[in-house]
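Undergrad: For the sequence shown, my numbering begins at 1012 and goes up steadily by one.
Even for Gly, the Cβ is constructed at its ideal location relative to N, Cα and C.
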Amino acid sequence: MDHLTIAPIVLPLLAGAVMMLIDERQRTLKAAIGMASALALLGLAVLALTVADAGAAGVRVYRLGSWPANFGIVLVLDRFAALMLVLTGILGVAALTFSLPRWQKAGAHFHPLFQFQLMGLNGAFLTGDLFNLFVFFEIMLAASYGLALHGSGLARVRAGLHYIAINLSASLLFLIGVSMIYGISGTLNMADLAGRVADLAAEDRGLLEAGAAILGLAFLIKAGMWPLGFWLPNTYSTLGSASAAIVSVLSKVGIYAVLRLWLLVFGDGAGESGGFGGMVLLVGGLLTVGFGSIAVLATQNTARLAGAIVLVSSGTLLAAIGAGRMSVTGGALFYLTSSVLAVAGFFLLIELVERGRGVGADVLAVTREAFGEGDDEDADDGGAGVAIPATMAILGIGFLSSALLLAGLPPLSGFLAKFAILSPLLAAGPEVAVTTWILLAALVLSGLATVVAMTRAGIDAFWASPAAEVPRVRVAEIAPVLLLLALNLALTVQAGPAMRYMEDTARSLHAPQDYTGAVLSGLPVAGGVR
């Protein structure tokens, strides 16, 4: 238990390092090691969530080398970090299982890259200082570069190179922002930084806020906020399904960093800097929802549709965070959990639905719809009808379930999450702010856009231009999709306990005394000991 906090980082690191020493032709052995590591990570994440949910005592600090927080590296496990670890563990098991029949063979070093991706994600969620957040970001991104290019095809290589160039630019902004913050505050530990912001001299405060703004740009590029997220739909649409499912959570790493740092450093205890950047998050989130909704309606490709839905989810989360209210943050965390599971399941489902369809089937279906071509051929089925194979029935049910979740329709968790976001804002009665009504309209219209787009995509896939032959789907491929959908169903049924955890997490984020107290306990300061 003493090493529970560092175990989610060390385990995939060791697994990936061992795999690099094994011949690439030994895929079965690598797959076995990778699956054992992924299952162990999920078990550790569930254990960490149980520990973190124990109240104030649930904040666990791991000081590497037993150095104090202002000198050494610290890892911190709390409710928020534990929630993200569990989501990463679930996606890791689902995506890796899906990859075993086909995608692990599409290129070299898939399994080590996958483990290093998990290591970077877990490290980003657990680290307690900005520099090591940068380190884990780079590990995570380096692995995602390999996964983005995994496979073949000109479109994937072109989009992958664009993805690399954009994220290298974001990394440069990250370094500049971190350097400016360190130059002014003299610390990179997030808890220590939170305690110093209020006492900054007036002439230094502007420079610190400028550094935080530059750092925020790096996070918002990864989160996909408009206009910084223009790259996201095209990049995600070219990834292999297994890669897209795990890489899709990278946008939520940007959300995690924004929420963690904004409430910790620029919360109520930040003095004159309290609430810095909140309006940018709110307005930027609303604009992202609008841009994502337009992209959802405009796309003719199912994979790009999934990428556009990622933008809508990121915009919803940013707008909810920008509202700056604890009760809204709890709903946002519920929405984050539901959307991560639903989007990952949809990315996996897309390949199974598209398997066996001709190249450009989506475009041809839209052409037929616009010009009325092909109706006579479709109508002539000999009067006998077409039997629906079990495979297509399962895929159709999965597609319909994904549509309901992603659009936020009742009674599933997507609807409950949006209701949890809006309910506290609308409870103000006649004093409801204009931005609340705009957010309400944005969520309703984005849901409508998703319904229209998903309905059109479903008709094209299962009716207007179905697969030439029934796709061969293996149990290892459909099981992860059903697992993710079942987890969302469980989230719907157990919405009460889940929302209780989210509200406790939001409370600890808005009042981070337990977090800072645990990290800074025993930290030497001038004139005594804190």
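1. I need the DSSP call for Leu1022, collapsed to helix, strand or coil.
2. Just the Cα atoms here: how many angstroms apart are Ala1464 and Ala1453?
3. Could you check how far apart the C-beta atoms of Asn1081 and Asn1200 are, in whole angstroms? I think they sit under 8 Å.
4. Can you check whether the CB of Leu1141 is closer than 8 Å to the CB of Val1189?
5. Quick one: Cα of Leu1160 to Cα of His1122, how far?
6. Who are the near neighbours of Leu1075 in its chain, counting only those whose CB is closer than 8 Å to its CB and skipping five residues on each side?
7. Taking buried to mean at least 16 other C-beta atoms within 10 Å of its own C-beta, is Met1031 buried or exposed?
8. Quick one, which of Glu1488, Pro1435, Leu1450 has its alpha-carbon nearest Leu1409's?
9. If you measure from the beta carbon of Ala1490 to each beta carbon in chain B, is any gap under 8 Å?
10. For Ile1017, does the three-state DSSP call read helix, strand or coil?
11. Would you check if the distance between the CB atom of Leu1423 and the CB atom of Leu1436 is smaller than 8 Å?
12. Ile1101: buried (16+ other C-beta within 10 angstroms of its C-beta) or exposed?
13. Ignore the nearest five residues each way along the sequence and tell me which others in Gly1371's own chain have a CB closer than 8 Å to its CB.
14. Per the contact definition of three or more C-beta pairs closer than 8 Å, is the segment 1277 to 1286 in contact with the segment 1197 to 1216?
15. Which stretch, first to last residue, makes up the alpha helix (DSSP H) that contains Leu1415?
16. Per the DSSP calculation, Leu1086 is bridged to which residue(s)?
17. Across the segment 1352 to 1365 and the segment 1331 to 1339, are there enough close Cβ pairs to call them in contact, namely three or more that are closer than 8 Å?
18. Answer with buried or exposed for Trp1114, where buried requires no fewer than 16 other C-beta atoms within 10 angstroms of its C-beta.
19. Round the Cβ separation of Ser1349 and Leu1416 to the nearest angstrom and send it over; I've been treating them as touching at under 8 Å.
20. Any chance the CB of Leu1500 is under 7 Å from a heavy atom of the ligand MN?
21. Suppose the cutoff is 6 Å on Cβ atoms and the five residues either side in sequence are ignored; what does the same chain contact list for Met1191 look like?
22. Can you tell me which of Ile1257, Ile1470, Gly1458, Leu1250 puts its alpha carbon nearest to the alpha carbon of Leu1495?
23. Could you spell out the range, first to last residue, of the alpha helix (DSSP H) harbouring Pro1079?
TA: Straight from the coordinates:
1. Residue numbering aside, residue 1022 sits at position 11 when the sequence shown is read from its first letter. Leu1022: helix per DSSP, three-state reduction.
2. Working through the sequence shown from its first residue, we reach residue 1464 at position 453. Working through the sequence shown from its first residue, we reach residue 1453 at position 442. About 16 Å.
3. Along the sequence shown, one-based indexing puts residue 1081 at 70. Along the sequence shown, one-based indexing puts residue 1200 at 189. At roughly 6 Å, the Cβ-Cβ gap stays under 8 Å, so Asn1081 and Asn1200 are in contact.
4. What you label residue 1189 is simply residue 178 of the sequence shown in a count that begins at 1. What you label residue 1141 is simply residue 130 of the sequence shown in a count that begins at 1. Yes, they are a contact pair.
5. Translated into positions along the sequence shown, residue 1160 becomes position 149. Translated into positions along the sequence shown, residue 1122 becomes position 111. Using only the alpha carbons, I get a separation of about 14 Å.
6. In the sequence shown, residue 1075 corresponds to position 64, counting from 1. Closer than 8 Å at Cβ, skipping near neighbours: Ile1017, Gly1083, Ile1084, Val1085, Leu1086.
7. Within the sequence shown, numbered from 1, the residue matching residue 1031 stands at position 20. Counting Cβ neighbours within 10 Å, Met1031 comes out exposed, since fewer than 16 surround it.
8. For the purposes of this step, residue 1409 is identified with residue 398 of the sequence shown, where counting begins at 1. First, the residue type needs correcting, since residue 1409 is Gly and not Leu in the sequence shown. Nearest C-alpha to Gly1409: Glu1488.
9. Of the protein chains in the structure, only one exists, and it is not chain B.
10. Reading the sequence shown from its first residue, position 6 is the one you call residue 1017. Residue state, collapsed to three classes: coil.
11. What you label residue 1423 is simply residue 412 of the sequence shown in a count that begins at 1. What you label residue 1436 is simply residue 425 of the sequence shown in a count that begins at 1. No; because the gap between Cβ atoms is not below 8 Å, this pair is not in contact.
12. Position 90 of the sequence shown, counted from the start, is the residue given in the question as residue 1101. Its Cβ being crowded by 16 or more others within 10 Å, Ile1101 is buried.
13. Numbered from 1 along the sequence shown, position 360 holds the residue referred to as residue 1371. Only weak support is given to the placement of Gly1371: the predicted model assigns it a pLDDT of 44, under 50, and the value that follows is read from those uncertain coordinates. No residues qualify anywhere along the chain.
14. yes
15. As a working mapping, residue 1415 is identified with position 404 in the sequence shown. Per DSSP, Leu1415 belongs to the alpha helix (DSSP H) from 1401 to 1418.
16. Numbered from 1 along the sequence shown, position 75 holds the residue referred to as residue 1086. Per DSSP, Tyr1073, Thr1138.
17. no
18. One-based indexing of the sequence shown puts residue 1114 at position 103. Flag for Trp1114 reads buried.
19. As a first step, residue 1349 must be located in the sequence shown, where it is residue number 338. As a first step, residue 1416 must be located in the sequence shown, where it is residue number 405. Confirmed, about 7 Å.
20. In the structure shown, the ligand MN is absent, as is every other ligand, since no ligand is present at all.
21. What you label residue 1191 is simply residue 180 of the sequence shown in a count that begins at 1. Excluding positions up to five away in sequence, the list reads Gly1222.
22. Looking up residue 1495 in the sequence shown gives position 484. Among Ile1257, Ile1470, Gly1458, Leu1250, the Cα nearest to that of Leu1495 is on Ile1257.
23. Here the question's residue 1079 lines up with position 68 in the sequence shown. Pro1079 -> no alpha helix (DSSP H), and no H or E assigned at all.
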